[in-house]
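Presented below is the structure to which this report refers.
In my numbering, the protein residues as written are 22 to 531.
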């Protein structure tokens, strides 16, 4: 049982209970448990099998949660979760992703108006039924219609981190088979797109049937949708679908290249092969009927007079020009990270103390961190006003005195308010080592207005960096309508940095 699957079940449990109006502290406990579990480097299953009592040593995991974790590991699910799924349709849970209608409104729509699907909700909104309800009105009805359109555009796509966790688990387990020689993810997941429509896995194996049997029996697989001699399509418990292809060793590289994409990148490669009197497809690179190369991606690229191009930049966006000049960028890897400049603690919406964050970062080999809890505008996260922030910084200084080998910067994630001013006065911000200016509210303002808010922050000498620039939440809300050219120029002119936020729900800037 993978950590990601255990965490997913706690998240799902919290969503369903939220619709039922459960205690907010209980919901937070389940969501914090999911975050703790998904962030653990070690296997929860190994921990359960060695000594379940050790689960209670994990942050936020008490006796009740530990017992639930053991149940999931031993039975693959929670009886409570299965009961709730019988009572509440999946589409009702998806309504929580619509901005502006929280769990109470979703519960009302479900229980009082008998709305059980997104189609039901759309029909009710279009017919004016929603606006007639107390506490809703025309504005909420319009928000619902806009939110439904966003969900429709997102389709059944899954955030990269969630998709990759499932892909990694399946690849890990299939690679344990003696008959598997090579195995890899492909498709948009391998290209690390922000969301994934389905999963692709390629295998070379002497026993294709054995591999497909193992996939069909995998704990993450809900149903086999189709099966042939060398290809199988399954639906996972999460609803995501996965295609498994067993390919010959001599074609593995060509197939991996083909099924990784992108379509645009592959079109350029095929054109390049034609220019050289060759033909490229998923089976290999051919001259007439003779196989020229195909065993590895490197071989295929070399035969086309190119260095190997990393999957993350295979989008036909200047990568070929860079490759021909031997100027492909060196992509950042986890081992390159030296610090973290955007961190929250229990002072606002984090789950660990300042000391715990510092110790955790030091254990990762980081050289520095910045503690950047929310400013007061974010009331739902118990944001800090000037007085509490200064006291918080004093605590950071005390922790820094206790721990060596890592630098702790005194920071703040400060909101850019709807009128373009900062959430905290300049005399406070000037005392910080690191100030992240962010947009959390008013993201639907006209482009000129929201751009001006960002320009005000960029020009503020106390602001170090603009955080999660567009403000998007993948699969939940689009980013603000920004003039990126104007923002990039101002950031360069004033020396203000722009954050690359790697939170799985943001990936902003992409």
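Glycine included, every Cβ here is placed at the ideal spot set by N, Cα and C. No experiment lies behind these values; they were computed from the predicted model shown.
Report the residue from the options whose alpha carbon sits nearest the alpha carbon of residue i.
i: residue 248; options: 266, 271 and 22; result: 266
i: residue 54; options: 81, 164 and 307; result: 81
i: residue 517; options: 527, 476 and 523; result: 476
i: residue 172; options: 129, 112 and 202; result: 112
i: residue 109; options: 513, 174 and 38; result: 38
i: residue 356; options: 370, 364 and 385; result: 385
i: residue 421; options: 445, 398 and 375; result: 375
i: residue 140; options: 154, 168, 156 and 155; result: 168
i: residue 522; options: 233, 489 and 495; result: 489
Below 8 Å on the Cβ atoms is my guess for residue i versus residue j; work out the distance and round it to an integer in Å.
i: residue 114; j: residue 36; result: 5 Å
i: residue 368; j: residue 427; result: The pair is not a contact, with the Cβ atoms about 19 Å apart (cut-off 8 Å).
i: residue 239; j: residue 204; result: 13 Å between Cβ atoms; not a contact.
i: residue 366; j: residue 390; result: With a Cβ gap of about 11 Å, residue 366 and residue 390 do not count as contacting.
i: residue 275; j: residue 304; result: 6 Å
i: residue 397; j: residue 440; result: Their Cβ separation, rounded to whole angstroms, is 15 Å, which puts residue 397 and residue 440 out of contact at 8 Å.
I'd like the list of long-range same chain contacts for residue i, defined as Cβ closer than 8 Å, with 5 residues on each side in sequence excluded.
i: residue 447; result: 481 and 483
i: residue 161; result: 121, 122, 126, 151 and 152
i: residue 145; result: 130, 134, 136 and 151
i: residue 117; result: 36, 39, 40, 123, 124 and 127
i: residue 515; result: 479 and 480
Verify whether the separation of the beta carbon atoms of residue i and residue j is less than 8 Å.
i: residue 500; j: residue 529; result: yes
i: residue 456; j: residue 491; result: no
i: residue 452; j: residue 394; result: no
i: residue 349; j: residue 336; result: no
i: residue 332; j: residue 211; result: yes
i: residue 231; j: residue 200; result: yes
i: residue 202; j: residue 226; result: yes
i: residue 224; j: residue 178; result: no
i: residue 273; j: residue 316; result: yes
i: residue 237; j: residue 222; result: no
i: residue 220; j: residue 277; result: no
i: residue 102; j: residue 30; result: yes
i: residue 471; j: residue 503; result: yes
Please list, in chain order, all residues of the same chain as residue i whose beta carbon is under 7 Å from its beta carbon, the five residues on each side excluded.
i: residue 92; result: 99
i: residue 18; result: In the structure as shown, the chain starts at 22 and stops at 531, and residue 18 therefore has no counterpart that could be examined.
For residue i, is the classification buried or exposed, using 16 other Cβ atoms within 10 angstroms of its Cβ as the cut-off for buried?
i: residue 185; result: buried
i: residue 524; result: exposed
i: residue 493; result: buried
i: residue 400; result: exposed
i: residue 193; result: exposed
i: residue 158; result: exposed
i: residue 311; result: exposed
i: residue 59; result: buried
i: residue 270; result: exposed
i: residue 352; result: exposed
i: residue 474; result: buried
i: residue 281; result: buried
i: residue 358; result: exposed
Take residue i and list the residues in its own chain whose beta-carbon comes closer than 6 Å to its own, dropping the five residues that flank it on each side.
i: residue 458; result: 435, 437, 478, 484 and 487
i: residue 403; result: 369
i: residue 245; result: 237 and 255
i: residue 322; result: 329
i: residue 431; result: 414, 417, 453 and 454
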